[in-house]
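Student: Let me give you the structure first, and then I'll get to my questions.
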């Protein structure tokens, strides 16, 4: 059987990414359907992640699937020492696809190798979070009308932020220019800069963050600088307020510029920006619903044509 | 050199693994699981070598390894020589090559990798043979082949 699991977006071709964006568009037009009537989707969250789980479960529910699963591994046999493989084998007897969040890196790849049903990776440790990447790509496409030739500014924790790493890799097909804006301790790791060089992706590094540095941005992708990431707390105190986006920094921003953030936000985007036309992070989260509907259907082998010819639309 | 060669019994049929750095000998033994074999095995340790000063050698009777098995040796010792012996003659002589993949040989250094928390085999992809960089198939962490920990250690 062909393995339809989703482990990472980084392996997807340009065509596959555009195909999934087209499918997400269809689900945005008509979100409520009975396309997955009779299907059961399992959501296994070995580590809590409320917004990702709610988004996946809503995506499945709005397509008519039923959802089973757990949100707290303490209540399951994995706390008794059951292996991941055994848990997956057991659940695959009940569900047509498994959405899994795990605290260990590589858990999704391994699950996809042992599972007889498709696995959708909802985050595996610091490794991959492909549904977040897909909704980021969809949000960029929706706001810019294209994914090609964009100036994407990544701000904040570029060292540990897996969303920025996945986005960087997925954008390699689209001739982007990246700007990396981060404190010294949280710089983009060498391995990703080598990745850029290998794939001909242009990038510029900055440590300062002000009105002028972001003036050329089409996409301003904010992330949170977290205290626990610092070995040197003096350094944290010094830089923690340097990467906060304030309303008065948007004066020179391009009209088409949109601010994205994977959420949750703490204080890195000033609340007064929420009503500014550049703010897009709440819509971005909403797009996650359509992106995840597309990913679930693709994992189940439902094609774009089938979605377009779908007669089960409710709204 | 003749005297040293006499110290290690000649082989009628089998495999000779030569030019093993002496400090790697027991890792090679572990890696090939020689302890589970029933055929005659001669091990020469700390022998004099013109090429490397000091070396070790393993002769295994009636056992022929696949290329994949032998190429795994490159992780611990990239320069060993392998001879296949048939009827006291060397019928094939080759050097180990770094393989494209390492299965069940190297431990992932990332404690949060699934391979360190689940009863399963590790898989690494050799992504740069010249620099000796390998990448975990599961967690994507990279490490240098010179600094790896072996599963058998």
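Residue numbers (our numbering), protein chains in the order written: chain F, 634 to 948; chain Z, 82 to 234. All C-beta atoms in this analysis are idealised placements derived from N, C-alpha and C, irrespective of residue type, glycine included.
Residues in its own chain within less than 7 Å of residue 936 of chain F by CB, not counting five upstream and five downstream?
Tutor: Residue mapping note: residue 936 of chain F aligns to position 303 of the first chain, counting from 1. So the list is empty, once near-sequence residues are dropped.
Student: Note down, in chain order, each residue of its chain lying with its Cβ closer than 6 Å to the Cβ of residue 737 of chain F, except the 5 sequence neighbours on either side.
Tutor: Residue 737 of chain F sits at position 104 when you count from the first residue of the first chain. Excluding positions up to five away in sequence, the list reads 758.
Student: Kindly indicate which residue of F:694, F:914, F:680 has the alpha-carbon position closest to the one of residue 667 of chain F.
Tutor: One-based indexing of the first chain puts residue 667 of chain F at position 34. Out of F:694, F:914, F:680, F:694 has the C-alpha closest to the C-alpha of residue 667 of chain F.
Student: Alpha carbons only, please: which of F:769, F:782, F:823 is nearest the one belonging to residue 799 of chain F?
Tutor: For this step, residue 799 of chain F is matched to residue 166 along the first chain. That would be F:769, whose Cα lies nearest to the Cα of residue 799 of chain F.
Student: Could you check the C-alpha separation between residue 820 of chain F and residue 96 of chain Z for me, to the nearest Å?
Tutor: On the first chain, position 187 is the one that residue 820 of chain F refers to. On the second chain, position 15 is the one that residue 96 of chain Z refers to. The straight-line gap from Cα to Cα measures roughly 51 Å.
Student: Let me know if residue 219 of chain Z comes out buried or exposed under the rule of 16 or more other beta-carbons within 10 Å of its beta-carbon.
Tutor: Here residue 219 of chain Z corresponds to residue number 138 of the second chain, with the count starting at 1. When all chains shown are included, residue 219 of chain Z counts as buried.
Student: So for residue 855 of chain F, helix, strand or coil by DSSP?
Tutor: As a first step, residue 855 of chain F is located in the first chain; it is residue number 222 there, counting from the start. Strand, per DSSP.
Student: Cβ of residue 743 of chain F less than 7 Å from any chain Z Cβ?
Tutor: If you number the first chain from 1, residue 743 of chain F lands on position 110. Closer than 7 Å: yes.
Student: In angstroms with no decimal places, state the Cα-to-Cα distance between residue 766 of chain F and residue 833 of chain F.
Tutor: By 1-based counting over the first chain, the position of residue 766 of chain F is 133. By 1-based counting over the first chain, the position of residue 833 of chain F is 200. Distance between the alpha carbons of residue 766 of chain F and residue 833 of chain F is about 20 Å.
Student: Since residue 834 of chain F is in the alpha helix (DSSP H), which residue starts that stretch and which ends it?
Tutor: One-based indexing of the first chain puts residue 834 of chain F at position 201. Where residue 834 of chain F is concerned, there is no enclosing alpha helix (DSSP H), given that its DSSP letter is neither H nor E.
Student: Tell me, to the nearest whole angstrom, how far the beta carbon of residue 854 of chain F is from that of residue 786 of chain F; I am working on the premise that it is less than 8 Å.
Tutor: Here residue 854 of chain F refers to the residue found at position 221 when the first chain is read from its first residue. Here residue 786 of chain F refers to the residue found at position 153 when the first chain is read from its first residue. Contact holds; Cβ gap of about 7 Å.
Student: Measure the beta-carbon distance from residue 857 of chain F to residue 756 of chain F and round it to whole angstroms, keeping in mind my assumption that it falls under 8 Å.
Tutor: Indexing the first chain from 1 puts residue 857 of chain F at position 224. Indexing the first chain from 1 puts residue 756 of chain F at position 123. 16 Å between Cβ atoms; not a contact.
Student: Here's a check: name, in chain order, each residue in its chain whose Cβ is nearer than 7 Å to the Cβ of residue 154 of chain Z, leaving out the five neighbours to either side.
Tutor: Against the second chain, residue 154 of chain Z aligns to sequence position 73. The residues are 109, 112, 161, 177.
Student: Threshold first: 3 residues or longer. Then list the beta strand (DSSP E) segments lying entirely within the region 120 to 146 of chain Z, N to C.
Tutor: 122 to 130, 134 to 142, all fully within the region 120 to 146 of chain Z.
Student: With a Cβ-Cβ cutoff of 7 Å, do residue 692 of chain F and residue 859 of chain F count as a contact?
Tutor: On the first chain, position 59 is the one that residue 692 of chain F refers to. On the first chain, position 226 is the one that residue 859 of chain F refers to. Going by C-beta atoms, residue 692 of chain F is not nearer than 7 Å to residue 859 of chain F.
Student: According to DSSP, is residue 216 of chain Z helix, strand or coil?
Tutor: The count along the second chain starts at 1 and reaches residue 216 of chain Z at position 135. Residue 216 of chain Z: strand per DSSP, three-state reduction.
Student: Looking at the structure shown, is residue 939 of chain F part of a helix, part of a strand, or coil, going by DSSP?
Tutor: The count along the first chain starts at 1 and reaches residue 939 of chain F at position 306. Note: residue 939 of chain F maps to helix in three-state DSSP.
Student: Contact criterion: CB-CB distance below 7 Å. Does residue 160 of chain Z meet it with respect to chain F?
Tutor: Against the second chain, residue 160 of chain Z aligns to sequence position 79. Not an interface residue.
Student: Cβ of residue 793 of chain F within 7 Å of Cβ of residue 684 of chain F?
Tutor: Taking the first chain and counting its residues from 1, the one referred to as residue 793 of chain F is at position 160. Taking the first chain and counting its residues from 1, the one referred to as residue 684 of chain F is at position 51. Against a cut-off of 7 Å, the Cβ pair of residue 684 of chain F and residue 793 of chain F comes out as no contact.
Student: Using the Cα positions of residue 754 of chain F and residue 156 of chain Z, report the straight-line distance between them to the nearest angstrom.
Tutor: As a first step, residue 754 of chain F must be located in the first chain, where it is residue number 121. As a first step, residue 156 of chain Z must be located in the second chain, where it is residue number 75. Going from the Cα of residue 754 of chain F to the Cα of residue 156 of chain Z covers about 32 Å.
Student: Output needed in chain order: residues of the region 719 to 750 of chain F with a Cβ under 7 Å from some Cβ in chain Z.
Tutor: From the region 719 to 750 of chain F, only 737, 738, 739, 740, 742, 743 have a Cβ closer than 7 Å to chain Z.
Student: From the beta carbon of residue 758 of chain F, is the nearest beta carbon of chain Z less than 7 Å away?
Tutor: Counting from 1 along the first chain, the entry for residue 758 of chain F is found at position 125. Yes, contact with chain Z.
Student: Of all the CB atoms in chain F, is at least one closer than 7 Å to the CB of residue 199 of chain Z?
Tutor: The sequence position of residue 199 of chain Z within the second chain is 118, counting from 1. Yes - at least one Cβ of chain F is within 7 Å of the one on residue 199 of chain Z.
Student: Taking the straight line between their C-alpha atoms, what separation do you get for residue 199 of chain Z and residue 719 of chain F?
Tutor: Here residue 199 of chain Z refers to the residue found at position 118 when the second chain is read from its first residue. Here residue 719 of chain F refers to the residue found at position 86 when the first chain is read from its first residue. Cα-Cα distance, rounded: 10 Å.
Student: Give me the residue from F:892, F:898, F:919 with the minimum Cα distance to residue 909 of chain F.
Tutor: Translated into the one-based positions of the first chain, residue 909 of chain F becomes position 276. The shortest Cα separation from residue 909 of chain F among F:892, F:898, F:919 belongs to F:892.
Student: Name, going along the chain, the residues of the region 190 to 222 of chain Z whose beta-carbon falls closer than 8 Å to a beta-carbon of chain F.
Tutor: Hits within the stretch, in order: 191, 193, 194, 195, 196, 198, 199, 200, 201, 217, 218, 219, 220, 221, 222.
Student: By DSSP, does residue 82 of chain Z sit in helix, in strand, or in coil?
Tutor: On the second chain, residue 82 of chain Z is found 1 positions in, with the first residue counted as 1. Note on residue 82 of chain Z: pLDDT 48, under 50, position unreliable in the model; no value is reported.
Student: Cβ closer than 8 Å: which chain Z residues qualify as neighbours of residue 776 of chain F?
Tutor: The count along the first chain starts at 1 and reaches residue 776 of chain F at position 143. By Cβ distance, chain Z contributes nothing, its closest Cβ being about 30 Å from residue 776 of chain F, past 8 Å.
Student: Just reading off the alpha helix (DSSP H) that residue 719 of chain F is part of, what are its end residues?
Tutor: Within the first chain, the letter at position 86 stands for residue 719 of chain F. Element bounds for residue 719 of chain F: 717 to 725.
Student: Compare the C-beta of residue 717 of chain F with all C-beta atoms of chain Z and state if any pair is closer than 7 Å.
Tutor: On the first chain, position 84 is the one that residue 717 of chain F refers to. Chain Z, which has a Cβ nearer than 7 Å to the Cβ of residue 717 of chain F, makes this yes.
Student: Keeping to the same chain, check which residues put their C-beta closer than 6 Å to that of residue 917 of chain F; ignore five residues upstream and five downstream.
Tutor: Here residue 917 of chain F refers to the residue found at position 284 of the first chain. Only 772, 893 meet the Cβ criterion.
Student: Please confirm if the region 172 to 191 of chain Z is in contact with the region 114 to 134 of chain Z, defined as three or more CB-CB distances below 8 Å between the two stretches.
Tutor: Short answer: they don't touch.
Student: Which whole runs of the beta strand (DSSP E) in the region 745 to 785 of chain F are 3 residues long or more, in chain order?
Tutor: Whole beta strand (DSSP E) segments, 3+ residues: 752 to 757.
Student: Closer than 6 Å by C-beta to residue 82 of chain Z: which residues in its own chain qualify, once you throw out the five before and the five after it? Chain order, please.
Tutor: Taking the first residue of the second chain as position 1, residue 82 of chain Z is located at position 1. Bear in mind that the predicted position of residue 82 of chain Z carries a pLDDT of just 48, short of 50, making it unreliable; the figure below should be weighed with that in mind. Nothing meets the Cβ criterion.
Student: Quick check: the Cα distance between residue 142 of chain Z and residue 193 of chain Z, rounded to an integer number of angstroms?
Tutor: Stepping through the second chain from its first residue, residue 142 of chain Z is reached at position 61. Stepping through the second chain from its first residue, residue 193 of chain Z is reached at position 112. Roughly 42 Å separates the two Cα atoms.
Student: Compare the C-alpha of residue 680 of chain F against each of F:724, F:653, F:732 and name the closest.
Tutor: Within the first chain, numbered from 1, the residue matching residue 680 of chain F stands at position 47. For residue 680 of chain F, the nearest C-alpha among the options comes from F:732.
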